[in-house]
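S.K.:
Number of protein chains: 2
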Amino acid sequence: MPDRPAEPNELAELRSRLAEIHDLRRAQEVLFWDQTVMMPPGGGPVRGAQLTTIDRIAHERFVVPEVGRLLDGLASYEESLDYDSDDASLIRTSRRDWEKARRVPADLAAEMVGAAAEAHDIWAKAREENDFASFLPHLERAVELKRRYIDCFEGYAEPYDVLLDDYEPGMKTAEVRAVFDELKASLVPLIAEVASSDEDDGFMRGPFPIDAQHETSLRVIERFGYDPQYFRLDLTVHPFAASSGTQDIRLTTRYTDNDLTSLFTAMHECGHGLYEHGISQTLERTPLCSGVSSALHESQSRLWENIVGRSRPFWNYFYPQVQAAFPDTLRDVEQDAFYRAINRVKPSYIRVDADEATYNLHVILRFELEQELIAGTIALADLPEAWNARFEQYLGIPIPSDTVGVLQDVHWSGGGFGYFPTYTLGNIVSVQIWDKVASELPDLPAQFEAGEFGELHAWLRSNLYVLGRKFTPQETLERVVGGQIDAKPYVRYLTEKLGALAAA
Amino acid sequence: MPDRPAEPNELAELRSRLAEIHDLRRAQEVLFWDQTVMMPPGGGPVRGAQLTTIDRIAHERFVVPEVGRLLDGLASYEESLDYDSDDASLIRTSRRDWEKARRVPADLAAEMVGAAAEAHDIWAKAREENDFASFLPHLERAVELKRRYIDCFEGYAEPYDVLLDDYEPGMKTAEVRAVFDELKASLVPLIAEVASSDEDDGFMRGPFPIDAQHETSLRVIERFGYDPQYFRLDLTVHPFAASSGTQDIRLTTRYTDNDLTSLFTAMHECGHGLYEHGISQTLERTPLCSGVSSALHESQSRLWENIVGRSRPFWNYFYPQVQAAFPDTLRDVEQDAFYRAINRVKPSYIRVDADEATYNLHVILRFELEQELIAGTIALADLPEAWNARFEQYLGIPIPSDTVGVLQDVHWSGGGFGYFPTYTLGNIVSVQIWDKVASELPDLPAQFEAGEFGELHAWLRSNLYVLGRKFTPQETLERVVGGQIDAKPYVRYLTEKLGALAAA
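Chains as they are written, first to last, in numbering that gives the first Met the number 0: chain A, 0 to 503; chain B, 0 to 503.
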């Protein structure tokens, strides 16, 4: 046994404090889930106050100097530990979190929460009424608050780095720009080439009875690893996944009888859920017990939704079941026609409804505009014009109204600048991870055709999910795929898949 | 306008601190509801830790000396206020809460929580296996901890006063004893006189299809005031009511197809829910925003369940609907036979299944034994024997096993001594309140026959519910009925109702 100092008292004290803070954070998540999925409508105002209170208490208990002293006191013990150990990771990651969290004054944090809550309803009304002007002052305030937030930090190359870091710790704007430029250069011509006008896929508009959608969704995700001992699936307006701990995962979805989006929503949210469920139980009730970044999280939702769930082997197994579940609509539809319909590339206005390929151009557009907003190189009043011009340039169709243009997403109302790029980073990473799994497990397509997804799940779990937040996103990706983020595999994946479809 | 000092800064500070603590308490309640009603089974251990954390933080934030200083600083302002004002009530009630809460060391509180959690599963297994001996050491620990808890207080006439005060603040053991002795003296002979052997009511064993039970339950409680804007009704094993605030009330119930208990469970929990829903919204997010005591709460569940829900006028309206909901079972059953069946007095082993009259003897038995346990005048090992002897004396039937005897209830495993008496105090108070309403609104029976319960609800709301915890339970009862607790109206109610049934 190597010589190692005895565990210092500070470590137990740190663990205990962090466990309490984590308990509060997860309680917040359950209360948010409840608010969205279960709460009677009248409960809103009091629930808002409860969430604000828990958020403030969790923040206050973390940024106290005593946590800093404990971290300082543990520095030499940390050096004695294996870098990969849970304890070294806990100390290292918590120090980074603490140094970041304490830079933001409580007043500014509270003002940001308040402004976001106020702007949300204004934005929703503005979107409904195609009235950008009424949203403009709130957008101005959100941008102004974000600039003050950026001013709390120092040593960044670009202001946008600070925002990106909240969702993708350690990632720099310049890296994202390089990756996105490479992707865009391939994607714009590829989409122009493979985009189709409407073919004969009216069957995709249903009807698809909702009970059968629910049963089919469950049947699919149960094959992926959904287990009612640890998961729930409920209804909501804007689907998401949440968790109270690794053994309590809440997925949400929605059904409309005139499309089959719900199947892909269920697979997407299940991917998020499998990630959280697979984190090492030794990390339970620590700040390491969550996915490591937004992009890595999204890589898992997209891997299950798109790479698995829109693949031929998957449908070779599931199509007969889906056809049987919706006989009135799909009885006479060939599997190939169905496969082509769910992979159809067609530019459209709304990001969340976009196909696998054009989706990324929606994201790149937002990433570019966000940097200009924060830098002040674009006047906020001119934003719709800038949006519309760039949208037509990238996707080839003119925007008819701000409702389906600049006003479509909730993120900016809440000051969520920096989040959008992680969607496409997730797509890119999903293929890097997939390529790695596929090289190690060449039998996967045959397994999918037999309805077996356990080996894929086990690989992802032991190579990625189990790590939680022990390492940085960059370290994590390095461990999983042996390299850093790279757009090429994703470009190749799209080119091959969509090229084959266009050629056929 | 009377001369009144300006509102001191301490009041805003006190309100803000109490609001945060109340937010944590209500978050705890929602998380408990979620654990019981929604949580995937795997989530249990982490949820337990979350609840413990929130409980400890809420307690810590309340018992700090600063809260005491704020309360001291507000003493002269409080004197300048109307006794009935929200602010005077907030200061007065919080001072009482604070002086009580700070007497209990955090270690003892934590040990009690831990012991209760540990004992729960032991108790459940012991009950299942009729094995009192395996539960005995945990019961001994629970009693020992309660004695240490009692030692934190002083100035009480009897140790049991301390325990009672946790559920029925201000109530003394001697008062309960006097009331219960009076009730018992009337009840034992009354029950012996009216108790029936099985008559021809096999129809009460169903079948009653569960969907129809759910629809009927909702139909009934919607008449009482249940509104989906503010209420939910879900399934659980041991029904209860919870609330996140006055506008977010969670009722729970259970269904088995071989009885109609669910109708009464729904009315019972709805009574609890209407009380919480009716609290003045000016008290939201304050410690005054809850029912004033366990007995007053139970008076409302029992008023709606028994006084309304087992009355002839109620069934004159609802029986045809219930008959139509369960045609296979009730088609040929006369309303009078049904009414007699749901009011049948018949000694039985299990408290929660007991009829309206014998229920109270179950409670009095526990109240008497609890005092002896705490005083140490009975050896814990002799408890089953003492239980069985007294049960046969009061109810006339021998106990065949501890499973349906001393082990039947969860309360003692969690150290919940002092709770049981509030059930029967609730029954007693329910009739005092009913007599008062009925004297002011003589038309109520006719309204019930027409399916109208709004005037009853409005009276209870404006005379009781709205007050929350502004006054002590004794002050509250005085305001509602003009007097203190008194068993006579309840004895008269039971004697008249059951006498009429026996004579018919």
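Even for Gly, the Cβ is constructed at its ideal location relative to N, Cα and C.
Would you mind sorting Gln431 of chain A into buried or exposed? The rule is 16 or more other CB atoms within 10 Å of its CB.
M.R.: Buried, by the Cβ-count rule.
S.K.: Quick check: is the beta carbon of Arg55 of chain A nearer than 9 angstroms to any beta carbon in chain B?
M.R.: By this cut-off, Arg55 of chain A is an interface position.
S.K.: Taking Phe230 of chain A as the query, report the chain B residues whose CB atoms sit under 9 angstroms from its CB, ordered along the chain.
M.R.: Here the neighbours are Pro39, Gly41.
S.K.: Can you tell which of B:Asp81, B:Arg16, B:Ser133 has the C-alpha that lies nearest to the C-alpha of Pro64 of chain B?
M.R.: Looking at the Cα atoms, B:Arg16 is the closest of the given residues.
S.K.: Which whole-angstrom value is the C-beta distance of Pro238 of chain A and Phe447 of chain A, which I expect to be below 8 angstroms?
M.R.: Their Cβ separation, rounded to whole angstroms, is 24 angstroms, which puts Pro238 of chain A and Phe447 of chain A out of contact at 8 angstroms.
S.K.: Using a C-beta to C-beta distance shorter than 8 angstroms, which residues of chain A count as neighbours of Ser243 of chain B?
M.R.: Going along chain A in sequence order, the residues near Ser243 of chain B (Cβ under 8 angstroms) are Met38, Gly42, Val45, Arg46, Gln49.
S.K.: Taking Gly308 of chain A as the reference, give the member of A:Ala141, A:Glu367, A:Thr52, A:Gly450 with the closest Cα.
M.R.: Nearest C-alpha to Gly308 of chain A: A:Gly450.
S.K.: Give the residues of chain A in contact with Ala26 of chain B, contact being defined as C-beta atoms less than 7 angstroms apart.
M.R.: Ala26, Leu30, Gln49, Ile53, listed in chain order.
S.K.: Here's a check: name, in chain order, each residue in its chain whose Cβ is nearer than 8 angstroms to the Cβ of Arg140 of chain A, leaving out the five neighbours to either side.
M.R.: Taken in chain order, the residues that qualify are Ala114, Ala118.
S.K.: Check this for me: beta carbons of Leu107 of chain A and Leu50 of chain A, under 9 angstroms apart or not?
M.R.: No; because the gap between Cβ atoms is not below 9 angstroms, this pair is not in contact.
S.K.: Going by other Cβ atoms of all chains shown within 10 Å of its Cβ, with 16 needed for buried, is Gly244 of chain B buried or exposed?
M.R.: That one is buried.
S.K.: When the Cα of Met38 of chain B is compared with those of A:Pro227, A:Gly42, A:Gln483, which residue comes out closest?
M.R.: Comparing Cα positions, the closest option is A:Pro227.
S.K.: Just reading off the alpha helix (DSSP H) that Ser216 of chain A is part of, what are its end residues?
M.R.: Segment 209-223, the alpha helix (DSSP H) holding Ser216 of chain A.
S.K.: Could I get the ranges of all uninterrupted beta strand (DSSP E) runs contained in the stretch 402-463 of chain A, with 3 residues as the minimum, in chain order?
M.R.: For the stretch 402-463 of chain A, not a single whole beta strand (DSSP E) run of length 3 or above is found.
S.K.: Report the neighbours of Glu284 of chain A on chain B: residues whose CB is nearer than 7 angstroms to its CB, in chain order.
M.R.: Here the sequence assigns Arg to residue 284 of chain A, which means Glu is not the residue at that position. Those are Val45, Ala48, listed as they occur along chain B.
S.K.: To the nearest angstrom, how far is it from the Cα of Gln483 of chain A to the Cα of Val321 of chain A?
M.R.: One C-alpha to the other measures close to 38 angstroms.
S.K.: Within 10 Å of its beta-carbon, does Leu234 of chain B have 16 or more other beta-carbons around it, so buried, or fewer, so exposed?
M.R.: That one is exposed.
S.K.: Near Lys345 of chain A, which residues of its chain fall below 7 angstroms by C-beta distance, leaving aside the five closest residues on each side in sequence?
M.R.: Excluding residues within five positions, the ones whose Cβ falls inside 7 angstroms are Ala194, Ser195, Asp354.
S.K.: Short of 7 angstroms in beta carbon distance, which residues of its chain neighbour Phe61 of chain A, apart from the five on each side in sequence? Order them along the chain.
M.R.: Cβ neighbours of Phe61 of chain A beyond the five flanking positions: Ile20, Trp97, Ala100.
S.K.: In terms of alpha-carbon separation, which member of A:Lys124, A:Phe263, A:Glu9 lies closest to Thr255 of chain A?
M.R.: It is A:Phe263 whose Cα lies nearest to the Cα of Thr255 of chain A.
S.K.: Beta-carbon separation of Ser563 of chain B and Asn426 of chain B under 9 angstroms?
M.R.: Not covered by the structure: residue 563 of chain B. The range shown for chain B is 0 to 503.
S.K.: Please tell me whether Arg249 of chain B and Gly272 of chain B are closer than 9 angstroms, where the distance is taken between their beta carbons.
M.R.: Yes. Within cutoff.
S.K.: Within its chain, find whatever has a CB closer than 6 angstroms to the CB of Ala241 of chain B; leave out the 5 residues flanking it on each side and keep chain order.
M.R.: Excluding sequence neighbours, Ala241 of chain B sits near Glu28, Trp32, Arg249.
S.K.: What in chain A is Cβ-close to Asp247 of chain B, meaning under 8 angstroms?
M.R.: Simply Met38, Pro39, Gly41, Gly42, Val45, Arg46.
S.K.: For Ile306 of chain B, which option in B:Asn342, B:Tyr274, B:Thr281 has the closest C-alpha, if you only look at C-alpha atoms?
M.R.: Minimum Cα distance to Ile306 of chain B is reached at B:Asn342.
S.K.: When the cut-off is 9 angstroms and only beta carbons count, does Ala18 of chain A lie next to chain B?
M.R.: It does; some Cβ of chain B falls within 9 angstroms.
S.K.: Output needed for Met0 of chain A: all residues of its chain with C-beta closer than 7 angstroms, excluding positions within five of it in sequence on either side, in chain order.
M.R.: Confidence at Met0 of chain A is low in this model, with a pLDDT of 48, below 50, so its placement is unreliable and the value that follows should be read with caution. Around Met0 of chain A: no qualifying Cβ.
S.K.: Which bits of chain B does Pro227 of chain A rub up against, with CB to CB less than 7 angstroms?
M.R.: Going along chain B in sequence order, the residues near Pro227 of chain A (Cβ under 7 angstroms) are Pro39.
S.K.: Quick one: residues in its chain with C-beta nearer than 6 angstroms to the C-beta of Leu493 of chain A, no 5 flanking neighbours on either side, listed in chain order?
M.R.: Around Leu493 of chain A: Ala356.
S.K.: Can you list, in chain order, the residues of its chain whose CB lies under 6 angstroms from that of Glu268 of chain A, leaving out five sequence neighbours each side?
M.R.: Closer than 6 angstroms at the Cβ level, and outside the excluded window around Glu268 of chain A, lie Pro238, Ala240, Leu250.
S.K.: Within 10 Å of its beta-carbon, does Thr376 of chain B have 16 or more other beta-carbons around it, so buried, or fewer, so exposed?
M.R.: The residue is exposed, with fewer than 16 neighbouring Cβ atoms inside 10 Å.
S.K.: Counting only the same chain and skipping the five closest in sequence on each side, list residues whose C-beta sits under 7 angstroms from that of Thr328 of chain A.
M.R.: The answer, listed in chain order, is Phe202, Gly205, Pro206, Phe207.
S.K.: Would you check if there are 3 or more beta carbon pairs closer than 8 angstroms linking the stretch 401-420 of chain A to the stretch 150-157 of chain A?
M.R.: No contact exists between the stretch 401-420 of chain A and the stretch 150-157 of chain A.
S.K.: Going straight from the alpha carbon of Ala499 of chain A to that of Pro441 of chain A, what length do you get?
M.R.: Taking the straight line joining both Cα atoms gives about 21 angstroms.
S.K.: Taking 9 angstroms as the CB-CB cut-off, is Val217 of chain A touching chain B?
M.R.: Rather than Val, the amino acid found at residue 217 of chain A in this sequence is Leu. Chain B contact via Cβ: absent.
S.K.: Mind checking who Leu250 of chain B pairs with in its DSSP beta bridge?
M.R.: DSSP lists B:Leu232, B:Ala240 as partners of Leu250 of chain B.
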